[in-house]
Amino acid sequence: MRSGERDQVAYLAEPVPAADVLGSVPEGIAPNRVLRFASHCVSDCANRVGEACGLIERITTVPAEPGPAAVPRCHLRPHCKWWNQVGVEACHRCPALTTLEPRDDELAVLVADPATTREQLESWIAAAP
Ligand code: SF4
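Residue numbers (this note's numbering): 17 to 145.
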């Protein structure tokens, strides 16, 4: 669930099937505007790089926002691809991630694009004001 001043994800204490909560989203509001859904990896995912997830590699290229070092309490952790791949670095960034396409945020668009390389991200970050 997304909430708070910074629109960060708040993690549920227990998993809830998407079908059980979709009916509580007000009509006219896109469900992914207020909820973030977890899903299994798929073999033909555009972000797959061998056995690894290219998305979390791009995400962790971007420095984490300054703030508390604690990671969220998350029931997904034992099964989380990102946790297993990069550990706590994923959890430090996870609450800020959304499933909406951030068309007005150039860096977020670059991170979301499977074609973006680490070198391109590092160049963008280095040139940012
Ligand atoms: S990255 Fe961390 S906080 Fe996010 S879903 Fe995986 S284990 Fe949970």
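We treat Cβ as the ideally placed atom computed from N, Cα and C, and that holds for glycine.
Small disclaimer: the values here were computed from a predicted structure and weren't measured.
The ligand SF4 never approaches residue 78 closely enough for any of its heavy atoms to be under 8 angstroms from the residue's Cβ.
One Cα belongs to residue 62, the other to residue 42, and the distance between them is close to 31 angstroms. C-alpha of residue 58 to C-alpha of residue 40: approximately 28 angstroms in a straight line.
Between residue 114 and residue 52, the beta carbon gap of about 7 angstroms places them in contact (Cβ cut-off 8 angstroms). Taking one beta carbon from each stretch, the region 67-80 and the region 134-145 have 3 or more pairs nearer than 8 angstroms; the two touch. Around the CB of residue 29, fewer than 16 other CB atoms lie within 10 Å, so the residue is classed as exposed.
Taking C-beta separations shorter than 6 angstroms and ignoring five residues to either side along the sequence, the partners of residue 109 in its chain run 75, 80, following chain order. One thing to note: residue 92 has its Cβ within 9 angstroms of the Cβ of residue 31. Those residues that have a beta carbon less than 7 angstroms away from any non-hydrogen atom of the ligand SF4 are, in order along the chain, 27, 54, 87, 88, 90, 92, 93, 96, 98, 99, 106, 107, 110. Taking a contact as a CB-CB distance under 8 angstroms, the pair residue 87 and residue 104 counts as one, their CB atoms being some 6 angstroms apart. Residue 69 and residue 85 have their alpha carbons spaced roughly 24 angstroms apart.
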